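For the sequence shown, this note's numbering assigns the number 643 to the last residue and increments by one with no breaks.
What follows is a single structure, written as structure tokens, with notes after it.
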Amino acid sequence: MIKKLLILFSILFSILTNGQTRKNQFHLNSESNKHELHLSFKSDLVLNNKDAILNQFSELEGITAIFQLDFIKSISFSDEKWNELERNAILLNGNAVSIAKLKNIFKVIVDNPTNDRLFFLATQFEQFESVEYASLISLEPIKPPFDIPPTTPDFFVNQTYVGPNPGLNMSYAWEMGLKGAGIRVRDVEYGFNSNHEDLNEVNAFIASGMTISSDATATYTEHGTAVFGIIIAGNDGYGITGLAHDATEMVLYPEWQEIGYDRIYAVNQSIQNSTVGDIIIYEMQDGVGAPAESNSVIWDLTKAASDAGIVVVAAAGNGNQNLDEAIYADYMSRGNSGAIIVGAGTPDLNHFRFNQINWWGSTYGSRVDLQGWARNVFTCGYGTAIMINNDINQGYTNFSGTSAATPMVAACAIVLQSYHHSLTGNYLTGTQLRTILKETGIPQGNPVTGNVGPFPNMQTALQRVYDDYLLGLDSVNETEFTVFPNPVQNQLKFLTQQDLSEMAAVEIFNALGQSVFQSMMPNEKQVDVSNLSSGMYFVKVSDGNQSATKKIIKK
89 MIKKLLILFS ILFSILTNGQ TRKNQFHLNS ESNKHELHLS FKSDLVLNNK
139 DAILNQFSEL EGITAIFQLD FIKSISFSDE KWNELERNAI LLNGNAVSIA
189 KLKNIFKVIV DNPTNDRLFF LATQFEQFES VEYASLISLE PIKPPFDIPP
239 TTPDFFVNQT YVGPNPGLNM SYAWEMGLKG AGIRVRDVEY GFNSNHEDLN
289 EVNAFIASGM TISSDATATY TEHGTAVFGI IIAGNDGYGI TGLAHDATEM
339 VLYPEWQEIG YDRIYAVNQS IQNSTVGDII IYEMQDGVGA PAESNSVIWD
389 LTKAASDAGI VVVAAAGNGN QNLDEAIYAD YMSRGNSGAI IVGAGTPDLN
439 HFRFNQINWW GSTYGSRVDL QGWARNVFTC GYGTAIMINN DINQGYTNFS
489 GTSAATPMVA ACAIVLQSYH HSLTGNYLTG TQLRTILKET GIPQGNPVTG
539 NVGPFPNMQT ALQRVYDDYL LGLDSVNETE FTVFPNPVQN QLKFLTQQDL
589 SEMAAVEIFN ALGQSVFQSM MPNEKQVDVS NLSSGMYFVK VSDGNQSATK
639 KIIKK
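Here you go:
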């Protein structure tokens, strides 16, 4: 029957597409018996239903009638969210093309949707000029990349990734008081244990109206527990401490609910409930261990979110895939979705790409932006490293893979976003955060084995955020000055290269950008800072329309 239909359609529809970069990219997950088919239609109009599709594209009537097909919208945002996404995309990028594209993606409804039938339909639909692409996505889960008595010890000493190289040097950010305050985080994956002792008193929860499938075993759900722990575990003197533990909230958007497995819906909902400056984490990979966005619909959702100012940080996957090989040429030709793609490297000063023979290796290539640790990332969950009193709520593990690397990099983005917002009142885009982290990071060792990008260095990244902030200030004419001693304990003295007027003023800001001292410049050109707490500050000297800023350390 399939063979006859192939012949029929080759006769009926002779107009084939040429040079379409989004076609011929669909595939079946070899480990899945259930898929669904999505189509992206080319149209300047918004198509709302089957009738609208057939009215505009009459050439689709034949295949639709033969298979008795129906079409329903794949992406479902509220009217308010559509308007917000379009408005923000125009403000940030000058257009909302990526948002409009989402409105014309439809799921195909067909009787007896076997893998063979869906693959056949995808092949046929891509012969029509009106179809931009067909996409097949699995409906079966893809494997993921208060203190409870007895008292749990403080395991912070095990979190060596918090400290300086080979760690992230997140401790430097903490010393500045920067821990992710004011930033909202979303995690798209399978589940997490909100009763774990490191998560039960922080603002971490499952999205309203969503559920975790009862069929999801601990192999799936504890994965999220580990990710949540790396980012937002409470700073409570026991267990572990999250890298961005002051984040406003961290919310799970589960792929696998009681109603079934639906990755597209989970991503859809995470975007529906996010806005400019929020961070969405994709703890997902495709069936061969490449980035989840290799799927066309996920890529379009990611591009739209990124264009609208929502930051996406996504795992590269554990499939040892080379994204620069010919098999991924179509994926790469789409361009950059805006997501920060994270690979996995060795947890040492070398920062090599991690590739363990006969087990797994980090996916790599020019599209991979940054790396985190591939192993030895101590966090909560599973209980494979420590299980106190045989209680899963007091279980800890050494997490691994791009699953562990991704929340490490995401936490860096969260803290940098928080710092930038405290200085400017605005948010960085994913592209801006990626640039900062890459340009200030520690270079990958031996990159010829496959690029996974540099390893973040929070000290230099934070300095870049502040330097960029200063560049944004009105300092066309700078007042040149020097401060000493630095570090300072009591009296801070100034040397200037030009005479100052009587209107010259001194203002001191803390690391959060808050003004903590203001005065006119004294005649003796020194100010008393003995009342300031120890830490890093920024001293601004202004004289009319001239100003300059210097960093000081208060002992």
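Note that the Cβ used here is the ideal one computed from N, Cα and C, for glycine as well.
In this text the structure is predicted, and so the values were computed from the model without any measurement.
Inspect the beta-carbon positions of residue i and residue j and report whether they are closer than 8 Å.
i    : j    : result
L135 : L224 : no
F194 : S162 : yes
Y557 : T528 : no
A499 : L287 : no
Y484 : L266 : no
V576 : V617 : yes
I271 : I369 : no
Q459 : G431 : yes
N257 : A396 : no
T390 : G365 : no
S301 : W344 : yes
F243 : I328 : yes
L148 : I154 : no
T490 : V401 : no
L580 : I640 : yes
R463 : G538 : no
G322 : H311 : no
L133 : Q144 : yes
Quick check on residue i: does DSSP put it in helix, strand or coil?
i    : result
S603 : strand
Q577 : coil
V229 : For the record, residue 229 in the displayed sequence is Pro; it is not Val. Of the three classes helix, strand and coil, the one that applies to P229 here is coil, per DSSP.
Y625 : strand
P342 : strand
T637 : strand
Y470 : coil
F129 : strand
Y484 : strand
I386 : helix
S563 : Annotation note: pLDDT 40 at S563 (below 50); position unreliable, coordinate value reported separately. In this structure, S563 counts as coil in the three-state DSSP scheme.
K58  : Here the chain covers residues 89 to 643 and nothing more, so residue 58 does not appear.
G647 : This structure does not reach residue 647, given that the chain is present from 89 up to 643, and the question cannot be answered.
I328 : coil
I236 : A caution first: I236 carries a pLDDT of 44, below 50, which makes its placement in the model too unreliable to give a value.
T490 : helix
D334 : coil
R463 : coil
A188 : helix
R272 : strand
Q614 : strand
M475 : strand
How close, in whole Å, do the beta carbons of residue i and residue j come, if the pair is a contact with beta carbons under 8 Å?
i    : j    : result
A292 : V399 : Contact flag wrong, Cβ pair sits at about 19 Å.
G469 : T313 : 3 Å
I359 : A393 : 5 Å
N486 : V465 : 7 Å
L550 : L504 : 7 Å
S164 : N356 : 6 Å
A335 : I318 : Not a contact, Cβ separation roughly 12 Å.
K643 : S635 : Not really, about 26 Å apart at Cβ, beyond 8 Å.
V339 : E277 : Rounded, the Cβ-Cβ distance is 12 Å, inconsistent with contact.
V275 : Y341 : It is worth fixing the name first, because residue 275 is Asp in this sequence and not Val. That pair is a contact at about 7 Å.
R467 : A404 : The residue you asked about is not Arg; residue 467 is Thr in the sequence shown. Contact flag wrong, Cβ pair sits at about 19 Å.
Strictly by DSSP, which residues pair up with residue i?
i    : result
H311 : None; H311 has no bridge partner.
N136 : The partner list for N136 (beta bridge, DSSP) is empty, contrary to what the question assumes.
R441 : G433
A402 : Y370 and I429
G407 : G449
I596 : F605 and V627
S692 : Limits of the chain in this structure are 89 at one end and 643 at the other, which puts residue 692 out of reach.
P379 : Q373
K195 : H126 and I160
V553 : Beta-bridge pairing links V553 to no other residue.
D204 : Beta-bridge pairing links D204 to no other residue.
I530 : F543
V571 : F582
G348 : Q345
D242 : G327
With a threshold of 8 Å between beta carbons, is residue i in contact with chain B?
i    : result
V245 : In the structure shown, chain B does not exist; there is a single protein chain.
Subject >> Three CB pairs or more closer than 8 Å across the region 296-304 and the region 252-269 >> reply: no
Original post:
Would you say the region 533-540 touches the region 431-439, given that touching needs at least three Cβ pairs under 8 Å?
Top reply: yes
Original post:
Would you call the region 171-187 and the region 370-382 touching, i.e. three or more CB-CB distances under 8 Å?
Top reply: no
Subject >> Touch test, the region 212-230 against the region 345-358, Cβ-Cβ under 8 Å, three pairs minimum >> reply: yes
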